[in-house]
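Numbering (full-length UniProt numbering), first residue to last: 1 to 146. In this text, a Cβ means the ideal position worked out from N, Cα and C, and glycines have one as well. Here's the structure, in structure tokens; my notes come after.
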């Protein structure tokens, strides 16, 4: 793929879209379902769409591994949503519920939650455990951006 064109999975229908890099801030829509490619909120990932979004996207993907029973996870959820508004369209933010997706949690060795992992081209770039506020999440993610 040309550096002038980015491949992005749609957060709604999972179709792959090619978007000119110069048009990323123009609120592009999916060519298949016509929904916005950037909802400015975290995407929910599961075993069926995790690889598509972390391996096939040309954007870095910041994934929050969390659980509904985790107090710090629930406290960080609004901050992670705010960070999505701050970081998109330069990076996609997503969440994985470790209670529902135990195989994904095991695959990535999640031992404490919340844990954020930054992926780029399917590779883990950085990892951070513990709750953070929106500004700290954005700063941490940007500091590891490729």
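Reduced DSSP category for residue i - H, G, I as helix; E, B as strand; rest coil
| i | result |
| --- | --- |
| residue 82 | helix |
| residue 20 | strand |
| residue 92 | strand |
| residue 143 | helix |
| residue 54 | helix |
| residue 9 | strand |
| residue 36 | strand |
| residue 132 | coil |
| residue 111 | coil |
| residue 87 | helix |
| residue 26 | helix |
| residue 104 | helix |
| residue 2 | Because the pLDDT of residue 2 is 49, which lies under 50, any placement of that residue in the model is unreliable, and the number read from its coordinates should be weighed accordingly. Coil at residue 2, not helix or strand. |
| residue 67 | coil |
Below-8 Å beta-carbon distance, residue i vs any chain B residue
| i | result |
| --- | --- |
| residue 108 | In the structure shown, chain B does not exist; there is a single protein chain. |
Alpha-carbon spacing of residue i relative to residue j, whole angstroms
| i | j | result |
| --- | --- | --- |
| residue 2 | residue 20 | Note that residue 2 scores a pLDDT of 49, beneath 50, so its modelled location is shaky and nothing firm can be said. |
| residue 34 | residue 95 | 23 Å |
| residue 70 | residue 104 | 17 Å |
| residue 123 | residue 55 | 8 Å |
| residue 143 | residue 131 | 17 Å |
| residue 53 | residue 61 | 8 Å |
| residue 138 | residue 82 | 9 Å |
| residue 125 | residue 116 | 11 Å |
| residue 101 | residue 145 | 26 Å |
| residue 80 | residue 51 | 21 Å |
Cβ shell of residue i (< 7 Å), same chain only, five flanking positions each side left out
| i | result |
| --- | --- |
| residue 66 | 73, 95, 97, 98, 113, 114 |
| residue 57 | 7, 8, 9, 92 |
| residue 49 | 14 |
| residue 4 | 20, 21 |
Residue i, buried or exposed, once every other Cβ within 10 Å from all chains shown has been counted against 16
| i | result |
| --- | --- |
| residue 78 | exposed |
| residue 68 | exposed |
| residue 13 | exposed |
| residue 75 | exposed |
Other residues of its chain near residue i: CB distance less than 8 Å, five sequence neighbours each side excluded
| i | result |
| --- | --- |
| residue 15 | 9, 30, 31, 32, 33 |
Cβ-based neighbour list, residue i, same chain, cut-off 6 Å, excluding 5 preceding and 5 following
| i | result |
| --- | --- |
| residue 119 | 54, 61 |
| residue 109 | none |
| residue 24 | 89 |
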